[in-house]
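For reference, the structure is listed below as structure tokens.
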Amino acid sequence: MIGRADAIRGWYREQTPISLATGLAGAIAIAVAIIGSLVVLVVGGLTPFEKIVASATSGAQTAVLWAGLLSGGAAILSGALVYKKMPTKAARETAVSGAALGVQAVVIALFYLWFRSGEKFDTFVRINFSFDILGQFASEFVAGARNTVVLAFSSELLGMVLGLFLAMLILSKRAVVRAPARTYINFFRGTPLIWQLTFIFAGIILAARLPIDVYQAGILVLGLNAGAYSAEIFRAGIQSIERGQIEAARSLGMTYLQAMRYVILPQAVRRVIPPLTNEFIILIKDTALIAFLGLTSSQRELFGIGRDAYSETFNATPYFGSVLGYLAITLPMIWVVTKLERKLRSGLTGIVGM
Amino acid sequence: MTPDGALVRLENIHKYFGDLYVLKGIDLEVDRGTVLVVIGPSGSGKSTLLRTINLLEEPQEGRVIFDGQEITDIRTDVDKVRTDIGIVFQAFNLFPHKKVIDNVTLALRKVLKMNEEDALKRAHEQLEHVGMDHKADVYPSQLSGGQQQRIAIARALAMRPKLMLFDEVTSALDPELVKEVLDAIKQLAEEGMTMVVVTHEMGFAREVGTRLLFMDDGKIVEDGNPRDIFTNPRDERTQSFLSHVL
Chain A
556 MIGRADAIRG WYREQTPISL ATGLAGAIAI AVAIIGSLVV LVVGGLTPFE KIVASATSGA
616 QTAVLWAGLL SGGAAILSGA LVYKKMPTKA ARETAVSGAA LGVQAVVIAL FYLWFRSGEK
676 FDTFVRINFS FDILGQFASE FVAGARNTVV LAFSSELLGM VLGLFLAMLI LSKRAVVRAP
736 ARTYINFFRG TPLIWQLTFI FAGIILAARL PIDVYQAGIL VLGLNAGAYS AEIFRAGIQS
796 IERGQIEAAR SLGMTYLQAM RYVILPQAVR RVIPPLTNEF IILIKDTALI AFLGLTSSQR
856 ELFGIGRDAY SETFNATPYF GSVLGYLAIT LPMIWVVTKL ERKLRSGLTG IVGM
Chain B
3 MTPDGALVRL ENIHKYFGDL YVLKGIDLEV DRGTVLVVIG PSGSGKSTLL RTINLLEEPQ
63 EGRVIFDGQE ITDIRTDVDK VRTDIGIVFQ AFNLFPHKKV IDNVTLALRK VLKMNEEDAL
123 KRAHEQLEHV GMDHKADVYP SQLSGGQQQR IAIARALAMR PKLMLFDEVT SALDPELVKE
183 VLDAIKQLAE EGMTMVVVTH EMGFAREVGT RLLFMDDGKI VEDGNPRDIF TNPRDERTQS
243 FLSHVL
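Going down the list, the sequences are from chains A and B.
Adding 555 to a residue's 1-based position in the first sequence gives its number in the numbering used here.
Adding 2 to a residue's 1-based position in the second sequence gives its number in the numbering used here.
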């Protein structure tokens, strides 16, 4: 096992002056284009929006973008010319990476220059980046994020329990047991979620005057829907367990249900954690659809808050606020799922380590 | 049924996998204390025959009688009968999510309803017996194939079965690991366990078996004393098979 410092030293030894220069030019270009632009914006101030317009069209911003363009262009040119002539693999990778970063920096800088020259640039900034409006609705966004999380977790819980039950049914060797579960799953997978929400709420709950409010109806329908999808995930997980496992369990005298509970499911559930988490991420985003059923103000979730704030202010910045909320919830989960998948793929430890 | 009758009786067993006709009318009795070794070319149906005895494979026709009870009768509680029949597989089939000790105690607790303490005591004894108690707290994936297979034997034996089935248990092992597993089976034979052993280990078959079956094409071709068959095979197919493997 070599240390990180050793690895860097080894990498450095294999570089040539031109590979290092190319890599550096690319790195500077992308850093200037992204970080430089952000610094210009933040230093100029983010509220009111006029300050953003002023910074974005300022000479400082122009200088930053041109610096990015020139450095990026240099990296592209040098990378393209020398990468085939590099003596080591590490040097070639550095040259190619420098050129790739250069391309990204040039694209960003050119796009920015073009975009800010637009006639209605100030209107665009006013509509989307009036951050003082976000401040006005801050507490509502926090409550909305909480509602989103509660909606997602409650319906996921319902969906998992239902999904496991449905999975057991569709794995039955008896067609009469499989048929109803299969029908249910295909129905919920085959119709739009927004239709399911409105039909079950308006067509059933309201029509029959059931004592279920919009929020609960949302959890119910999202859960029923998630159940159909997670049933398929659980089924695949169960079927992925080697036949020998159930044979060994049954040979020891276990009943089918005991073998499932103690031998098959513990292994299957581990294997399907990544796809289940992916499913959960989709569910988090689908909670936005509940806004269309008309929530009371305390029930609103992230999207509903954004939408209502938009109609109140005729400014789209609240939608920007909603998206920040969603990303704050989903990005950590995506990170976790990537980790889990890597761990499971590494074989042995997938079973033992978790 | 008297206890001194045959422990296993197969009557006219026919088994198909789809269009594939695997067992073509097998009749067989295995007495208590017998070490029955089954050999034959691959595809001859010997594993299927073995797996029919504990009904992992259900024959389309014929009866399986174990310890006086017809287990092919649909009213028989097969789960209960299986606690009396241990089986060890080619692929070990240990439970990878459970430690060695929990592999052994699981069925003791959940099937035989033993309490935790008794189950642990018996499991440790049984692991000791195959020389694996020092690995009680590791996961199967951390062990060699030979060690895993000995644990699989211990797991089956912990149920105190009346019959042990071995399904090509050394076929998946590296050559240097075969002996430790065969030794464990040999020791069991010496203790008087009734066993049916499907194997490709001819030396083992000759040394440990008290009775030998040669199967080919879904039928029992030869049935007798291992030494006699090895030295003086009667059927042409047995002669040909033995000349290829010995």
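All C-beta atoms in this analysis are idealised placements derived from N, C-alpha and C, irrespective of residue type, glycine included.
{"query": "Have a look at B:56, B:9, B:54 and B:15 and flag the residue whose alpha-carbon is nearest the alpha-carbon of residue 33 of chain B.", "result": "B:9"}
{"query": "Could you work out which residues of chain A lie near residue 85 of chain B, taking near to mean beta carbons separated by less than 9 Å?", "result": "807 and 808"}
{"query": "At a Cβ cut of 8 Å, what residues of the stretch 36-69 of chain B count as close to chain A, listed as they run along the chain?", "result": "56 and 58"}
{"query": "Identify which residue in B:174, B:173 and B:159 has its Cα closest to the Cα of residue 167 of chain B.", "result": "B:159"}
{"query": "Below 9 Å between beta carbons: does that hold for residue 671 of chain A and residue 612 of chain A?", "result": "yes"}
{"query": "CA-CA distance, residue 909 of chain A and residue 146 of chain B?", "result": "Confidence is the limiting factor: at residue 909 of chain A the pLDDT is only 37, short of 50, which leaves the residue's position unreliable, though a coordinate-based value still follows. If I take the Cα positions, the gap works out to 21 Å."}
{"query": "Grouping DSSP H, G and I as helix and E and B as strand, with all else coil, what is residue 29 of chain B?", "result": "strand"}
{"query": "To which residues of the same chain is residue 659 of chain A closer than 6 Å at the C-beta, ignoring the five residues directly before and after it?", "result": "585"}
{"query": "With DSSP collapsed to three states, give me the class of residue 849 of chain A.", "result": "coil"}
{"query": "Closer than 8 Å by beta-carbon distance: list the chain B residues that pair up with residue 829 of chain A, in chain order.", "result": "Per Cβ cutoff of 8 Å: no residues; residue 829 of chain A is ~17 Å from chain B at best."}
{"query": "Helix, strand or coil for residue 666 of chain A? Go by DSSP, reduced to three states.", "result": "helix"}
{"query": "Please determine, among A:809, A:593, A:569 and A:656, the residue with the shortest C-alpha to C-alpha distance to residue 82 of chain B.", "result": "A:809"}
{"query": "Between which residues of its own chain and residue 722 of chain A is the CB-CB distance below 7 Å, once the five residues before and five after are set aside?", "result": "786, 789, 790 and 793"}
{"query": "Measure the beta-carbon distance from residue 161 of chain B to residue 807 of chain A and round it to whole angstroms, keeping in mind my assumption that it falls under 8 Å.", "result": "6 Å"}
{"query": "Express the C-alpha separation of residue 754 of chain A and residue 739 of chain A in angstroms, rounding to a whole number.", "result": "16 Å"}
{"query": "Does DSSP classify residue 12 of chain B as helix, strand or coil?", "result": "strand"}
{"query": "I'd like to confirm the pairing. Which residues does DSSP put opposite residue 17 of chain B in its beta bridges?", "result": "B:25"}
{"query": "Do residue 634 of chain A and residue 651 of chain A come within 9 Å of each other at the CB atom, strictly closer than that value?", "result": "yes"}
{"query": "Relative to the C-alpha of residue 869 of chain A, which residue among A:630, A:799 and A:681 is closest?", "result": "A:681"}
{"query": "Smallest Cα separation from residue 897 of chain A: which of A:883, A:860, A:840 and A:829?", "result": "A:829"}
{"query": "Where in the stretch 754-840 of chain A do unbroken runs of the alpha helix (DSSP H), each at least 4 residues long, occur, reported from the N-terminal end onward?", "result": "769-795, 798-806 and 811-814"}
{"query": "Taking 9 Å as the CB-CB limit, is residue 794 of chain A close to chain B?", "result": "no"}
{"query": "Can you find a CB in chain B that lies within less than 9 Å of the CB of residue 800 of chain A?", "result": "yes"}
{"query": "Going by C-alpha to C-alpha distance, which of A:735, A:764, A:766 and A:779 sits closest to residue 748 of chain A?", "result": "A:779"}
{"query": "Could you check what DSSP says for residue 82 of chain B in three-state terms: helix, strand or coil?", "result": "helix"}
{"query": "Under three-state DSSP, which class holds residue 151 of chain B?", "result": "helix"}
{"query": "List the DSSP bridge partners of residue 197 of chain B.", "result": "B:37 and B:166"}
{"query": "By the three-class DSSP mapping on this structure, what secondary structure does residue 90 of chain B have?", "result": "strand"}
{"query": "Taking DSSP as the reference, what is the three-state secondary structure of residue 729 of chain A?", "result": "coil"}
{"query": "Could you check the C-alpha separation between residue 69 of chain B and residue 714 of chain A for me, to the nearest Å?", "result": "47 Å"}
{"query": "So, residue 98 of chain B versus residue 141 of chain B, is the Cβ gap smaller than 9 Å?", "result": "yes"}
{"query": "Take the Cβ of residue 859 of chain A as the centre, count every other Cβ of all protein chains shown within 10 Å, and call the residue buried at 16 or more, exposed below.", "result": "buried"}
{"query": "Need the endpoints of the alpha helix (DSSP H) that residue 561 of chain A sits in, please.", "result": "559-568"}
{"query": "Taking only the alpha-carbon atoms, compute the straight-line gap between residue 560 of chain A and residue 645 of chain A and give it to the nearest angstrom.", "result": "16 Å"}
{"query": "Look at the Cβ atom of residue 65 of chain B, then the Cβ atom of residue 31 of chain B, and state whether they are nearer than 9 Å.", "result": "no"}
{"query": "In whole angstroms, what separates the C-alpha of residue 864 of chain A from that of residue 692 of chain A?", "result": "8 Å"}
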